[in-house]
Amino acid sequence: MIRRPPRSTLSSSSAASDVYKRQVSTQSTGDCERDMAHTVSADKSDEEYREYVDSPEDVANKISQLAELVQKHRGKVVVYTGAGISTGAGIPDFRSGLNSKTGMPAGKWCQNATSGQWDSKEKKEEEARQRRTTSCLQAIPTQSHMALVELQRQNVLLGLISQNCDGLHRRSGFAPDHLAELHGNTNLEYCGWCGKEYMRDFRASTGRRTQGRELRQKLWRAHSKLELINPRKGNHYTGRRCQCQDCPGYLFDSTIDFGDNLPTVHINRGFSLADQAGLCIVLGSRCSVSPACDMPISVGESGRDLVVVNLQKTSADKHACLRIGATIDEVMVPLMAALGIPIPEFALSRQIAVTRKDGAISVRGVDVDGTPNDLLWNLQARYGYNSDELLKGHVEFNQDASGNTANGTRPGDRARLLEWPWEKEDGRAGVEVASGASTLMAR
Numbered sequence: 120m121i122r123r124p125p126r127s128t129l130s131s132s133s134a135a136s137d138v139y140k141r142q143v144s145t146q147s148t149g150d151c152e153r154d155m156a157h158t159v160s161a162d163k164s165d166e167e168y169r170e171y172v173d174s175p176e177d178v179a180n181k182i183s184q185l186a187e188l189v190q191k192h193r194g195k196v197v198v199y200t201g202a203g204i205s206t207g208a209g210i211p212d213f214r215s216g217l218n219s220k221t222g223m224p225a226g227k228w229c230q231n232a233t234s235g236q237w238d239s240k241e242k243k244e245e246e247a248r249q250r251r252t253t254s255c256l257q258a259i260p261t262q263s264h265m266a267l268v269e270l271q272r273q274n275v276l277l278g279l280i281s282q283n284c285d286g287l288h289r290r291s292g293f294a295p296d297h298l299a300e301l302h303g304n305t306n307l308e309y310c311g312w313c314g315k316e317y318m319r320d321f322r323a324s325t326g327r328r329t330q331g332r333e334l335r336q337k338l339w340r341a342h343s344k345l346e347l348i349n350p351r352k353g354n355h356y357t358g359r360r361c362q363c364q365d366c367p368g369y370l371f372d373s374t375i376d377f378g379d380n381l382p383t384v385h386i387n388r389g390f391s392l393a394d395q396a397g398l399c400i401v402l403g404s405r406c407s408v409s410p411a412c413d414m415p416i417s418v419g420e421s422g423r424d425l426v427v428v429n430l431q432k433t434s435a436d437k438h439a440c441l442r443i444g445a446t447i448d449e450v451m452v453p454l455m456a457a458l459g460i461p462i463p464e465f466a467l468s469r470q471i472a473v474t475r476k477d478g479a480i481s482v483r484g485v486d487v488d489g490t491p492n493d494l495l496w497n498l499q500a501r502y503g504y505n506s507d508e509l510l511k512g513h514v515e516f517n518q519d520a521s522g523n524t525a526n527g528t529r530p531g532d533r534a535r536l537l538e539w540p541w542e543k544e545d546g547r548a549g550v551e552v553a554s555g556a557s558t559l560m561a562r
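Under this note's numbering, residues 120 to 562 are what the sequence shown spells out, in order.
This is the structure:
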């Protein structure tokens with residue numbers, strides 16, 4: 120199958136596979152940051168920042184129509200998400216203007232393009248909105264995220280295509296095999312040799328600036344000759360190794376930078392889902408970045424049902440059979456009620472393995488397949504100790520320790536814990552190492 124050419128020149132990367140082949144030039148991250156700001160208007164009052172909000176009555180009527188479409192296409196429903204679904208979790212999007220109905224500050228590209236025009240009142244309002252935001256590491260999946268999880272569990276949803284890299288879809292418990300994350304995931308790293316994925320509770324890309332940088336200098340010349348999984352010029356080593364038995368691989372973070380190739384597996388999965396969809400629902404995306412936007416738009420262009428839920432106009436609107444101007448939660452929560460499907464509460468679930476041998480007890484975090492997972496901060500065994508207070512024991516530096524600190528800490532070094540990371544505003548734990556005081560980045 121031959122895919123159409125890009126709808127815009129905003130694509131940050133390309134992927135080559137049996138399904139999708141394209142050649143584009145690459146740019147540096149800095150150049151593309153500036154270019155993306157130029158893709159939105161420099162006029163803060165421009166029409167493109169306007170939000171088209173439906174009345175409560177219209178929203179209710181359209182949700183009834185959407186519920187009928189979902190029932191009609193049960194098992195063939197595909198959802199396509201953009202940054203708009205995560206604004207309810209406190210994560211700002213990229214293209215919203217001032218005073219967005221989402222309650223979030225202006226989008227990143229809008230800020231870069233228009234902040235010089237803001238008056239004092241607008242600046243004050245933006246500062247207040249900024250204080251409501253949450254980092255991707257601390258954000259909790261919204262009701263809309265959890266609704267998608269349940270729709271997939273109930274076999275209503277065929278799959279999910281997402282442009283987001285905030286990790287909330289994976290954190291929500293959405294089945295990875297039914298998820299196409301086109302632009303990576305800040306919490307996910309994978310083995311470039313065997314493909315094993317590791318979902319973390321910390322930012323996986325941190326290591327690329329420490330241990331990963333050293334690995335690139337030492338190993339990339341040899342590794343570049345191997346057939347690795349989307350190595351992206353060796354710029355994404357995290358410093359950690361694959362834990363699968365007999366695998367010699369190193370881990371790469373999955374975050375897609377400008378100029379990087381998109382992940383072949385996820386691109387293929389996304390196009391496959393779009394090809395199979397009877398109904399595609401766009402949630403919180405302007406559908407303006409190719410090749411990702413080709414997926415939902417192809418559904419509408421082919422005459423199949425396409426529904427768009429977004430506050431601003433989108434490139435998919437003219438191909439949609441239904442458009443709803445509301446926030447994502449304002450649509451998904453009543454939609455689930457109309458379908459008679461309860462939305463599950465988010466519950467963070469992690470697995471540990473406990474073994475006992477020769478009187479020693481070992482506890483470690485593990486993935487669902489039993490491979491080790493670096494998720495434990497501290498482990499304490501108490502015998503007859505009644506206090507609920509967490510005793511501050513010792514920690515061990517992981518592979519993100521660079522050795523470039525003043526005290527020269529290296530991976531494997533141990534230190535005494537003085538302050539928990541959640542007790543400090545900067546999110547860093549206070550520790551004491553043999554040569555003096557230091558800080559260990561919270562993971």
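Don't be surprised by glycine CBs; every beta carbon is placed ideally from N, CA and C. Source: prediction; values computed, not measured.
Nearest residue (CA-CA) to residue i, options the options
i	options	result
H513	D486, R529, S481 and E551	E551
H385	L402, G303, R340 and H355	G303
L392	L454, E300 and L277	L277
V428	K337, A202, Q190 and K195	A202
G422	A439, Y317, L536 and C366	A439
W228	S219, D212, Q236 and K240	D212
H192	G326, D320, Q395 and D162	Q395
A457	D165, E167, V159 and A179	A179
P461	A225, E244 and Q262	Q262
V487	A294, L338 and A299	A294
N283	T206, T221, C361 and E333	T206
F321	N306, V473 and G403	N306
E244	M223, A323, E449 and G489	M223
Q431	A341, L402, T490 and L256	L402
Other residues of its chain near residue i: CB distance less than 7 Å, five sequence neighbours each side excluded
i	result
C406	C412, P415, I416, T433, S434 and A435
G209	R251, T252, T253 and A258
E542	none
E420	H438
E538	A548 and G549
V418	A393, A396, C399 and L425
Per-residue DSSP class, three states only, for residue i
i	result
K337	helix
V178	helix
H342	helix
G149	Note that G149 scores a pLDDT of 37, beneath 50, so its modelled location is shaky and nothing firm can be said.
Y356	strand
T158	coil
R469	coil
H513	strand
G549	strand
L298	strand
L537	strand
P410	coil
P453	helix
P350	coil
P415	helix
D365	coil
K242	helix
Spatial neighbours of residue i in its chain, beta-carbon cut-off 6 Å, leaving aside the 5 residues before and after
i	result
R335	G353 and Y356
Y317	E308
L347	G311
Which residues DSSP lists as bridging residue i, in chain order
i	result
V428	L402 and I443
R319	Bridge partners of R319: none, in fact.
S481	T474
D372	E308
Y199	I280 and V401
P568	Limits of the chain in this structure are 120 at one end and 562 at the other, which puts residue 568 out of reach.
P260	Answer is none; P260 lacks a bridge partner.
P491	V485
Original post:
Is the segment 367 to 385 close to the segment 168 to 181, with three or more CB pairs under 8 Å?
Top reply: no
Original post:
So, do the segment 269 to 284 and the segment 184 to 199 have three or more beta carbon pairs nearer to each other than 8 Å?
Top reply: yes
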